[in-house]
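In our numbering, the protein residues as written are 209 to 413. Heads up, the beta-carbon is just placed ideally off N, CA and C, and yes, glycines get one too. Here the structure is a predicted model, which means the values were calculated and not measured. A short write-up of the structure that comes next.
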């Protein structure tokens, strides 16, 4: 009788080990072939922007942002298994979406996109924002502030050059920036990053 109980217990332990092993292997294989759709769509948008496919680039940037926002609805298991979405990439996607929309003369949507970029990367208070590492290096902070400054400058210049859009947005939505008066007739900065992933910050200005 004791021998039978020991055999059953051994069988159950072996079966549980095999099941967990299969689950672990399946998860590992899935992650091995898992694609970062947020970054891939962002890179696709950059490539399309460089070839002047502004409408298609805008769609890719929108989809990249959608992937980021959709991650908020993940279950705890999905959050445990999947890598975290990248807030900085989402901010850059919104920035370049604004540039692409501006190229298509869609001013209201461009304003909205630039504001979304600033919301995701306000240029300060990163320790209190979800989606950023708890400890950022000085180089990280410098890069993030530089990207935020570009979005703020683009929005401010866009509103200055389009009084109607500024009136619709309201006086309370002006962004603090310091463009020179002679830059009033210039278009916002439009060069997307040239590096893979999040792009090169040096190419943003």
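Beta carbon of residue i, beta carbon of residue j: below 8 angstroms?
| i | j | result |
| --- | --- | --- |
| residue 338 | residue 356 | no |
| residue 366 | residue 315 | yes |
| residue 295 | residue 328 | yes |
| residue 373 | residue 319 | yes |
| residue 272 | residue 250 | yes |
| residue 260 | residue 322 | no |
| residue 246 | residue 293 | yes |
Quick check on this structure: which residue in the options has the alpha carbon closest to the alpha carbon of residue i?
| i | options | result |
| --- | --- | --- |
| residue 254 | 328, 365 and 304 | 304 |
| residue 248 | 269, 260, 263 and 257 | 269 |
| residue 324 | 281, 265 and 276 | 276 |
| residue 170 | 342, 313, 244 and 370 | The structure shown does not extend to residue 170, since the chain is modelled only from 209 to 413, so the question has no answer here. |
Could you tell me if residue i is buried or exposed, where buried requires 16 or more neighbouring beta carbons within 10 angstroms of its beta carbon?
| i | result |
| --- | --- |
| residue 359 | buried |
| residue 291 | exposed |
| residue 347 | exposed |
What does a CB cutoff of less than 6 angstroms around residue i pick up in its chain, not counting 5 residues either side in sequence?
| i | result |
| --- | --- |
| residue 394 | Note that residue 394 scores a pLDDT of 42, beneath 50, so its modelled location is shaky; the value from the coordinates is reported in the next line. Closer than 6 angstroms at the Cβ level, and outside the excluded window around residue 394, lies no residue. |
| residue 353 | 331 |
| residue 345 | none |
| residue 317 | 309 |
Under 7 angstroms from any heavy atom of the ligand FAD, does the C-beta of residue i make it?
| i | result |
| --- | --- |
| residue 304 | With respect to the ligand FAD, the structure shown offers nothing to examine, as it has no ligands at all. |
Only counting the same chain, and skipping five residues up and downstream in sequence, which positions put a Cβ closer than 7 angstroms to that of residue i?
| i | result |
| --- | --- |
| residue 340 | 295 and 334 |
| residue 264 | 256 |
| residue 370 | 315 |
| residue 274 | none |
| residue 336 | none |
Counting only the same chain and skipping the five closest in sequence on each side, list residues whose C-beta sits under 8 angstroms from that of residue i.
| i | result |
| --- | --- |
| residue 349 | 334 |
| residue 266 | 253, 305, 308, 309 and 312 |
| residue 244 | 291 |
| residue 281 | none |
| residue 342 | 335 |
### Query
Does the stretch 308 to 322 come close enough to the stretch 290 to 300 that 3 or more CB-CB pairs lie under 8 angstroms?
no
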